[in-house]
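*Asks:* There's a structure below that I have some questions on.
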Amino acid sequence: MVPVFAHPGEAASGIAAFVVRAQLDVREAFSAMKLRLPAYMVPSEIHALDALPLNSNGKTDYAALAARLQAKPPVARTHRSTDKARVE
223 MVPVFAHPGE AASGIAAFVV RAQLDVREAF SAMKLRLPAY MVPSEIHALD ALPLNSNGKT
283 DYAALAARLQ AKPPVARTHR STDKARVE
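Residue numbers for the sequence shown follow my numbering, so the first one is 223 and each next one is one higher.
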């Protein structure tokens with residue numbers, strides 16, 4: 223799982239998490255994070271990918287992940303006002 227700031231620069235920016243489908247189930251990820259992390263650290267969005275994008279050095283390409291935030295909707299989103307996750 224890789225965290226990225228969701229929509230940087232916006233006042234209501236949160237954390238978006240990217241998970242690799244083959245390694246982690248989205249519902250399990252939300253449950254585990256809600257149990258182990260303070261509420262402010264739980265991602266507001268989760269995006270499932272087949273693989274994480276890598277840069278030319280073989281490291282996670284954070285710019286490509288940030289661009290994906292604009293391109294595709296998340297597979298899950300947390301509504302903090304009700305503290306419930308909605309999985310699409």
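Don't be surprised by glycine CBs; every beta carbon is placed ideally from N, CA and C. In this text, all values refer to a predicted model and were calculated from it rather than measured experimentally.
Specify, as a first and last residue, the run of the alpha helix (DSSP H) that L291 falls within.
*Replies:* Stepping through the sequence shown from its first residue, residue 291 is reached at position 69. Element bounds for L291: 284-293.
*Asks:* In this structure, what does DSSP give as the bridge partners for V241?
*Replies:* On the sequence shown, residue 241 is found 19 positions in, with the first residue counted as 1. V241 is bridged to A270.
*Asks:* Select from R249, D272, L276, Y284 the residue whose C-alpha is nearest the C-alpha of V264.
*Replies:* For the purposes of this step, residue 264 is taken as residue 42 along the sequence shown, with counting starting at 1. The residue with the shortest Cα to Cα distance from V264 is R249.
*Asks:* L257 by DSSP, collapsed to three states: which one?
*Replies:* As a position in the sequence shown, residue 257 is number 35, starting the count at 1. If DSSP states are grouped into helix, strand and coil, L257 belongs with the helices.
*Asks:* Closer than 6 Å by C-beta to A285: which residues in its own chain qualify, once you throw out the five before and the five after it? Chain order, please.
*Replies:* As a first step, residue 285 must be located in the sequence shown, where it is residue number 63. Result list for A285: empty, nothing under 6 Å.
*Asks:* Identify, in the order they occur along the chain, each residue of the same chain with its Cβ nearer than 8 Å to the Cβ of A251, setting aside the five sequence neighbours on each side.
*Replies:* Taking the first residue of the sequence shown as 1, we reach residue 251 at position 29. Hits under 8 Å: M223, A239, V241, I268.
*Asks:* Does DSSP classify L248 as helix, strand or coil?
*Replies:* The residue given as residue 248 occupies position 26 in the sequence shown. Inspection of the sequence shows that residue 248 is occupied by Val rather than by Leu. If DSSP states are grouped into helix, strand and coil, V248 belongs with the helices.
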